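K.L.:
If you're matching positions, the sequence shown starts at 28 in the working numbering and goes up one per residue. Note that the Cβ used here is the ideal one computed from N, Cα and C, for glycine as well. Owing to the predicted nature of the structure, the values given are computational and were not obtained by experimental measurement. Can you keep this structure in mind? I'll have questions shortly.
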Amino acid sequence: MLGARQVAPDTTCLESYFPLPGLGMLPVNAFVIAAQQPVLVDTGLSMLRDDFLAALAETIDPSTLRWIWLSHMDADHLGNLQQILDLAPEAKIVTNFLGMGKMALREFDLSRVHLLEPGATLDAGDRELFPVKPAYYDAPETIGFVDTRTRVLFSADAFGALMQAPAEEAAAIRPEALRDGLTTWAAIDAPWLGVANPEAFGRALAGIRRFDPTAIISGHLPVAIGMTDRLLETLSGAVGRGTPAAPDHDSIEQLMARDAA
């Protein structure tokens, strides 16, 4: 866990990295939006709970949180949800119908849920968070958003990249390393891109371009400022390449042994 750092106007990243043997590391980010009604976006990894909660407390008094926006229900996005709910008694969880259903399967308190209806926005007092379906995702309940005050786009898992070392911004990553990290992680996280229709995917990417975001914040990439076209162009080449082969058990053991040496 690297701690808390402001990455865009009114936007603080709670950043950490998860090692992946043989592949490098994956950023795992949550965000605090300093709105009139403060918003926490995702809740980090449970294995880093103490550090995550400390970084959150450095950024904001958790009891003042009003909203917890869950992009989707994967473990790296809701790892500390219950602990934060306990610290933030006034906070409501923002999700959609399928997300609420998955929460019920995990026995979370559904009375704390604010159900985001299709076409609705979240009123955070001095701004609205406009829901956006990311261009690609690994869970169908996934919802990103555009902050209407800062025009920052939260893309959930989309634009995530494998990395070899931490970086403060995506622009600091060597272009070829960023390209390889983006396309490799996209193939792992959303393998359906390998058989997706390039024209249909191109339309989805064009929809992101029309938002003209000032910055893109992703759950799995350092903040990308002024890089929208570059990211979209890179990802346009990630479709139609077939399904990537997964490493077998022996390969994984060899990679783990090598990294531990």
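Just verifying my parser: in three-state terms, what is the DSSP assignment at D78?
P.N.:
Taking the first residue of the sequence shown as 1, we reach residue 78 at position 51. Reduced to three states, the DSSP call for D78 is helix.
K.L.:
Would you say D153 and Q63 are within 8 Å of each other, going by their C-beta atoms?
P.N.:
In the sequence shown, counting from the first residue as 1, residue 153 sits at position 126. In the sequence shown, counting from the first residue as 1, residue 63 sits at position 36. In this structure, Q63 lies closer than 8 Å to D153 by Cβ.
K.L.:
What separation, rounded to the nearest whole angstrom, lies between the Cα atoms of R139 and G146?
P.N.:
Along the sequence shown, one-based indexing puts residue 139 at 112. Along the sequence shown, one-based indexing puts residue 146 at 119. Those two C-alpha atoms are separated by around 21 Å.
K.L.:
Is the beta carbon of A57 closer than 8 Å to that of G71?
P.N.:
Position 44 of the sequence shown, counted from the first residue, corresponds to residue 71. Position 30 of the sequence shown, counted from the first residue, corresponds to residue 57. In this structure, A57 lies closer than 8 Å to G71 by Cβ.
K.L.:
Can you give the Cα-Cα distance for A214 and L149, rounded to whole angstroms?
P.N.:
The sequence position of residue 214 within the sequence shown is 187, counting from 1. The sequence position of residue 149 within the sequence shown is 122, counting from 1. If you take the alpha carbons of A214 and L149, they lie about 31 Å apart.
K.L.:
Tell me the DSSP secondary structure of Q109 in three-state form.
P.N.:
Along the sequence shown, one-based indexing puts residue 109 at 82. Q109: helix per DSSP, three-state reduction.
K.L.:
With DSSP as the reference, label M254 as helix, strand or coil.
P.N.:
As a first step, residue 254 must be located in the sequence shown, where it is residue number 227. In the structure shown, M254 sits in coil (DSSP, three-state: anything other than H, G, I, E or B).
K.L.:
Using 7 Å as the cut-off, classify the Cβ of L108 as near or not near the heavy atoms of the ligand MG, replying yes or no.
P.N.:
The model depicted lacks the ligand MG and carries no ligand whatsoever.
K.L.:
What is the residue span of the alpha helix (DSSP H) that I289 lies within?
P.N.:
An answer regarding residue 289 cannot be provided, because it is not within the stretch 28 to 288 covered by the chain.
K.L.:
Going by beta-carbon coordinates alone, are L240 and R178 separated by less than 8 Å?
P.N.:
Your numbering for residue 240 matches position 213 in the sequence shown. Your numbering for residue 178 matches position 151 in the sequence shown. In the sequence on display, residue 240 carries Pro and not Leu. If you check the CB distance, P240 and R178 come in under 8 Å.
K.L.:
Identify which residue in G128, P225, F186 and E155 has its Cα closest to the Cα of T210.
P.N.:
On the sequence shown, position 183 is the one that residue 210 refers to. The candidate whose alpha carbon is nearest that of T210 is F186.
K.L.:
Using a Cβ-Cβ cutoff of less than 8 Å, which residues in the same chain neighbour K119 once the five nearest sequence positions on both sides are dropped?
P.N.:
Position 92 of the sequence shown, counting from 1, holds the residue named residue 119. So the list reads R93, W94, I95, R139, V140 and H141, once near-sequence residues are dropped.
K.L.:
In terms of residue numbering, what span does the beta strand (DSSP E) encompassing F58 cover?
P.N.:
Counted from its first residue, the sequence shown places residue 58 at position 31. That run of the beta strand (DSSP E) goes G51 to I60.
K.L.:
Which runs of the beta strand (DSSP E) fall wholly inside the segment 178-238 and span at least 3 residues, in chain order?
P.N.:
179-181
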